[in-house]
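**Q** The structure's right below; bear with me while I get my questions together.
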Amino acid sequence: MAEQPFDRETLLDITVNAVPFAILVIFILLFTFVTPWGPRFGGQNTLPSLVMYGHMLFTTFMLVVVTYVSAKYISRDEP
């Protein structure tokens, strides 16, 4: 049987990043499907929408990367 990359303790250590990840995903979905200020793209809302999505997606991507790297270091240092 193949060994799992992260054990139970490592997964418990990195679950603190689940809350910010969930909040970011909720905001991305909310801003994608509910736009109270009008159409997202086209017209004068294009640049602010692109900047907003860029910031949220970059932050989400970096959170995933930092969580993965920290999990690798935590699992490496545990006996």
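Under the UniProt record's numbering, the first residue of the sequence shown carries the number 1, and numbering increases by one thereafter.
Every residue, glycine too, gets a C-beta built ideally from N, C-alpha and C.
1) Starting from the C-beta of N17, find all residues in its chain whose C-beta is less than 7 Å away, skip the five residues before and the five after it, and write them out in chain order.
2) Are the beta-carbon atoms of F6 and A71 separated by less than 7 Å?
3) D13 lies in the alpha helix (DSSP H); which residues open and close that run?
4) Taking all protein chains shown into account, do 16 or more other C-beta atoms lie within 10 angstroms of the C-beta of T46, making it buried, or fewer, making it exposed?
5) Would you identify the three-state DSSP class for P20, choosing helix, strand or coil?
**A** If we stick to the structure as given:
1) L63, T67
2) yes
3) 8 to 14
4) exposed
5) helix
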